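Residues in the sequence shown are numbered from 598 upward in steps of one, following my numbering. Ideal placement from N, C-alpha and C gives every residue a C-beta, glycine not left out. From a predicted model like this one, the values you see are computed outputs, not experimental measurements. See structure below.
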Amino acid sequence: MTALLQVRGLHCAYGADEIIHGVDIEVSPGEIVTILGPNGCGKTTLVKSILGFVRATRGEIYFRDRELRQLRPTERAALGIGYVPQLLNTFKPLTIAENLEIGGYRLRRSERNAAMARMLALFPLLAERRSQLAGTLSGGERQVLAMARALIMSPCLLFLDEPSAGLSPLRAHEVFQHIRDIAATGTAIVIVEQDVQRALAISNRAYVLVTGQVVMQGPAASIATDERIGRAYLGAKMRGPVSKPPPLTPIAPA
Ligand SMILES: Nc1ncnc2c1ncn2[C@@H]1O[C@H](COP(=O)(O)OP(=O)(O)OP(=O)(O)O)[C@@H](O)[C@H]1O
Ligand SMILES: [Mg+2]
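Shown next, in the form of structure tokens:
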């Protein structure tokens, strides 16, 4: 098996209310995969079930050929799966440095220091503000901190739930550029995103989820130009010709 993550026939429910009805998803090493779909279709639920926060009622989740369903979230994370949740993804009363330390609490001190140094080198804006409280960062800066916190453990698969939510177009652009940089280091990334065009522009493949089922999948470029996607599922953001995003350039520290 070459896939890093393989989800087969997954069903998830909150009590008697089934939300995910038999989903198959695959992620290969180093890939960027986007999961699209209307509000409430189950994107976050699907991600949380892969991470172990929502119970899967049926189906299989293989990560590096290991079945995950019996494992706790912390055990899944320890195997190399990182997660930046849609909400509450940093500790606002703590500094940038303290947030990063917490991200690496399972590491030995020397490893943690090395991992922190790696993150500060990868994200210069965090290095400059390492003593600043997370609660005083802008939305975009906080999103970068959340990604760095997840990356401290060197996951080989990282889930990002709505990384550009609430950000200005410029900040969103910077966050997507960071996501591309992270993928360039070899980490596979799964993005759940409302900003469909930008997400598809940096993705290899995409899945379209509607009421808990995959209704379309394929290369991101094909999904981006598929008329049916825009009309049926994704609303105004996909109508009209898909515009080319601005070229990605190195980000100057803020
Ligand atoms: N803890 C919960 N208990 C019961 N129902 C829930 C719970 N969390 C989510 N749901 C329901 O599950 C469905 C899917 O929610 P989910 O958050 O997975 O959607 P989503 O696709 O991520 O939406 P959005 O784009 O708005 O983030 C919704 O109908 C939601 O109300
Ligand atoms: Mg969601």
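Note down the Cα distance separating R655 from R669, rounded to an integer number of angstroms. When rounded, the distance between both Cα atoms is 16 Å.
Taking the alpha helix (DSSP H) that M750 belongs to, which residues open and close that run? Judged by DSSP secondary structure, M750 falls outside any alpha helix (DSSP H); it is assigned neither H nor E.
With C-beta atoms as the reference, is V644 less than 7 Å away from D758? With a cutoff of 7 Å on beta-carbon distance, V644 and D758 are scored as near each other.
Residues bridged to F660 by DSSP? Beta-bridge partners assigned by DSSP to F660: L602, R663.
Is the Cβ-Cβ distance between R605 and E657 less than 7 Å? Contact flag set, yes.
With a threshold of 16 other CB atoms inside 10 Å of the CB of S728, please say whether the residue is buried or exposed. Exposed is the call here.
Nearest CA to the CA of D852: which residue from L719, L730, A817, E824? Absent from the model: residue 852. The displayed extent of the chain is 598 to 851, so no value can be given.
Can you give the Cα-Cα distance for H618 and H608, rounded to whole angstroms? The straight-line gap separating the alpha-carbon atoms of H618 and H608 is approximately 5 Å.
Below 6 Å, is the gap between the Cβ of N801 and the nearest heavy atom of ligand 1? No - ligand 1 has no heavy atom lying nearer than 6 Å to the Cβ of N801.
Does the beta-carbon of E679, which I'm using as the reference point, lie nearer than 6 Å to any heavy atom of ligand 1? A quick correction: the sequence has Gly, not Glu, at residue 679. No.
Using the beta-carbon count (16 or more within 10 Å), is R739 buried or exposed? Burial call: buried.
Enumerate in chain order the residues of its own chain whose CB-to-CB distance from R795 is below 8 Å, with the five nearest sequence positions on each side excluded. S761, A769, H770, F773, P842.
Take I632 as the anchor and find which of R825, S819, E824, V793 has the nearest alpha-carbon. For I632, the closest C-alpha among the options R825, S819, E824, V793 is that of V793.
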